[in-house]
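Chains as they are written, first to last, in the working numbering: chain C, 2 to 196; chain V, 2 to 196.
Note that CB positions come from ideal geometry on N, CA and C, so glycine has one too.
Bear in mind that the values here come from a model prediction, so they are computed numbers and not experimental data.
Below is one structure, written out as structure tokens, with a few remarks after it.
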């Protein structure tokens, strides 16, 4: 099997994964922005989110900034910015901010050292908690705690669900296939059938 | 904030996550099926996928079976089976198989000890590799290697991308909000803009 074909096949086999932009800054305040599709819900109480990094030999900016300041942001990609979000994956030199390169605007919240993406409708400010180096292939699972959650109240239903179609949230399959989320249903809590 | 409202808000803040059914069997061949939304791509070569388990105090069947046989399956949920897939989250006693309870059919592949879901269009057979207990909240990241990949050739494009709209793949936000994936675009590899 052709190598590129095989990589696409494996990368898309784990399905459409949520697309987010990770915003960081170094201690000098130089910002960085990078698209990721590897966030995972770890727990609701305390609110914890995991993020898988490729081996650090590849790209250290986002990881280094998180370790330097302890802060980062997770910004939901939406249909209006997915092309700009994808562009943050281009390899810019260290001192070029992908915010400027992708024409996305920085937004700051008091007390949080990492920049949010103004154009995102669902933004979280996180604080580093811990990390696990994955023996099997040198990737890293980094876990953070949600300290800030910023979203329009119109995106919420009466039970606290964020309605992702209202904020046109986008996911990505592999590195390049973008999909929007089309709402089907909210199902009731499942209980055993009585036979 | 109301506790249930807060949990929904946090659970849906990490976006729409891919919905899959994990198929397992114990050493006696009794099958188990459970819906998960916590799989993560870990690497393409070797092909590794991560799966986050809630603390083992909650439900051990899927985890115990994986540790007992070393095998499990990941079956993509699609629009035709998402209601059945959701039903596997009902708390059945240990010796009741959720395959039967949810009216989904088992399918076996030679040499693989865990059952696949016949009605899924994208199925993977995995072998246990390693696991990491997460200090922060008692969850577990379990990593497996893809040994079998079963899908219709019609779901693939010429570059090896699985086209998730063709197999009507479904994601879930929080524990109960189901979404289908509507294709937008495959974007080219991003290169820095010349200024």
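Could you compute how far the alpha carbon of residue 185/V sits from the alpha carbon of residue 34/C?
Approximately 23 Å, taken between the alpha carbons.
As an exercise, report each continuous beta strand (DSSP E) stretch of at least 3 residues that is fully enclosed by the segment 40 to 72 of chain V, in chain order.
Correct list: 40 to 45 and 48 to 54.
Leaving out five residues before and five after residue 47/V in sequence, what residues of the same chain have Cβ atoms less than 7 Å from its Cβ?
These residues qualify, in order along the chain: 146.
I'd like to check one pair, residue 156/C with residue 122/C: are the Cβ atoms closer than 8 Å?
It is a contact, given that the beta carbons lie within the stated cut-off.
Where does residue 139/V sit, in a helix, a strand or coil, going by DSSP?
Assignment of residue 139/V by DSSP, reduced to helix, strand and coil, places it in the coil class.
Quick test of your reading: residue 144/V and residue 132/V, contact by CB under 8 Å. State the CB separation rounded to the nearest angstrom.
7 Å between Cβ atoms; contact.
Residue 28/V versus chain C: which residues are under 7 Å apart at the beta carbon?
Chain C residues near residue 28/V: none, gap ~25 Å exceeds 7 Å.
Going by DSSP, what residue range makes up the beta strand (DSSP E) through residue 23/V?
Run containing residue 23/V: 21 to 26, per the beta strand (DSSP E) assignment.
Is the CB of residue 115/V under 8 Å away from at least one CB in chain C?
Among the residues facing chain C, residue 115/V is not included, as its CB has no counterpart in that chain under 8 Å away.
Taking the beta carbon of residue 56/C as the centre, do at least 16 other beta carbons fall within 10 Å, making it buried, or is it exposed?
Under a 10 Å Cβ-count criterion, residue 56/C is classified as exposed, with fewer than 16 other Cβ atoms of the shown protein chains found around its own Cβ.
Return yes when the Cβ of residue 42/V is within less than 8 Å of the Cβ of residue 18/C, no when it is not.
For the 8 Å CB-CB criterion, residue 18/C and residue 42/V form a contact.
Quick one, which of 116/V, 134/V and 103/V has its alpha-carbon nearest residue 81/V's?
For residue 81/V, the closest alpha carbon among the candidates 116/V, 134/V and 103/V is that of 103/V.
Under a three-way DSSP split, which group does residue 10/C fall into?
Reduced to three states, the DSSP call for residue 10/C is helix.
Taking only beta-carbon atoms, is residue 98/V less than 8 Å away from chain C?
Output row for residue 98/V: interface = no.
Hey, how far is the Cα of residue 162/C from the Cα of residue 12/V?
Pairing residue 162/C with residue 12/V, the inter-Cα distance amounts to about 8 Å.
Would you say residue 24/C lies against chain V (beta-carbon separation less than 8 Å)?
Residue contact check for residue 24/C against chain V: no CB pair falls below 8 Å.
Leaving out the 5 sequence neighbours to the left and right, which residues in its chain are closer than 7 Å to residue 125/C when beta-carbon positions are compared?
Cβ neighbours of residue 125/C beyond the five flanking positions: 74, 75, 147, 149 and 150.
So, residue 264/C versus residue 3/V, is the Cβ gap smaller than 8 Å?
The requested residue 264/C is not part of the displayed model; chain C covers only 2 to 196.
Near residue 169/C, what residues of its chain come up, given a Cβ to Cβ distance below 6 Å and the 5 sequence neighbours on each side ignored?
Cβ-Cβ distances below 6 Å link residue 169/C to 79 and 80 in the same chain, with the five nearest sequence neighbours on each side left out; the list follows chain order.
Just confirm the distance between the C-beta atoms of residue 142/C and residue 53/C, as a whole number of angstroms; I'd bet it's less than 8 Å.
About 6 Å; that satisfies the 8 Å criterion.
Throw me the rounded Cβ distance for the residue 193/C and residue 93/V pair, which I believe falls under 8 Å.
With 8 Å as the limit, residue 193/C and residue 93/V qualify as a contact, their Cβ atoms being about 5 Å apart.
From what residue to what residue does the alpha helix (DSSP H) around residue 163/V run?
Where residue 163/V is concerned, there is no enclosing alpha helix (DSSP H), because DSSP gives it neither an H nor an E.
Taking DSSP as the reference, what is the three-state secondary structure of residue 117/C?
Here residue 117/C sits in strand by DSSP.
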